[in-house]
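> Numbered continuously in this note's numbering, the sequence shown closes out at residue 229. Before we start, here is the structure in question, set down as structure tokens.
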Amino acid sequence: MSVYHAARVYQAPESTLRDRTRQHVSIDCHHGANTLFTEDEERKLADHIVYMADIDYGYSLMDIQYMAWDCAMSLHKPVKAKEHLSQGWMYSFLSRWEELKVVKPQCLSLSRLSLHPRKTLTSTSKS
């Protein structure tokens, strides 16, 4: 298939395909800045957020931004922000991890309260 035909079929710019086939640009390159955390570090953060949500402790967006800033500082990452990471970082983080989603918080109703075992409620209230 010619580059011209591939550009029309896949609706990609012809110049981009030519640059890639002539190896002027690496096939692995991506647009935009590098992410602050590595994929493993982001996975650990996402897993922690999911775990906490599973035990009915959901974080707000600002909580996650503060927590991520703390993680970045403890890992000696170069961070320009003084207190928390930006909303831009937050929404790009959410777009990379589809299992994370923003939901409106709900109050704990009596029916939901009765679903929890008594042991769990007493152990969390003592700590």
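The C-beta atom is built at its ideal place from N, Cα and C for all residues, glycine as well.
Taking Cβ to Cβ, would you say M164 is nearer than 8 Å to H150?
The residue labelled residue 164 in the question sits at position 62 within the sequence shown. The residue labelled residue 150 in the question sits at position 48 within the sequence shown. Not in contact: M164 and H150 (Cβ atoms no closer than 8 Å).
> Taking only three categories from DSSP, how would you classify H107?
Locating residue 107 in the sequence shown gives position 5, counting from the first residue. Correct three-state label for H107: helix.
> Whole angstroms is fine: what's the gap from K184's alpha carbon to D172's?
Here residue 184 refers to the residue found at position 82 of the sequence shown. Here residue 172 refers to the residue found at position 70 of the sequence shown. Roughly 10 Å between the two C-alpha positions.
> Counting only runs that start and end within the segment 124-179, where is the alpha helix (DSSP H) found for 4 or more residues in a row?
Qualifying alpha helix (DSSP H) stretches, in chain order: 141-156 and 163-176.
> With W191 as the anchor, note down where its alpha helix (DSSP H) starts and where it stops.
Here the question's residue 191 lines up with position 89 in the sequence shown. Looking at the DSSP string, the run of the alpha helix (DSSP H) that includes W191 is Q189 to R198.
> Measuring only the C-alpha atoms, how far is Q113 from R122?
In the sequence shown, the residue the question calls residue 113 occupies position 11. In the sequence shown, the residue the question calls residue 122 occupies position 20. Between Q113 and R122, the C-alpha separation is close to 15 Å.
> Hey, P207 and G160 are a contact pair by Cβ (cut 8 Å); roughly how many whole angstroms apart?
For this step, residue 207 is matched to residue 105 along the sequence shown. For this step, residue 160 is matched to residue 58 along the sequence shown. About 6 Å; that satisfies the 8 Å criterion.
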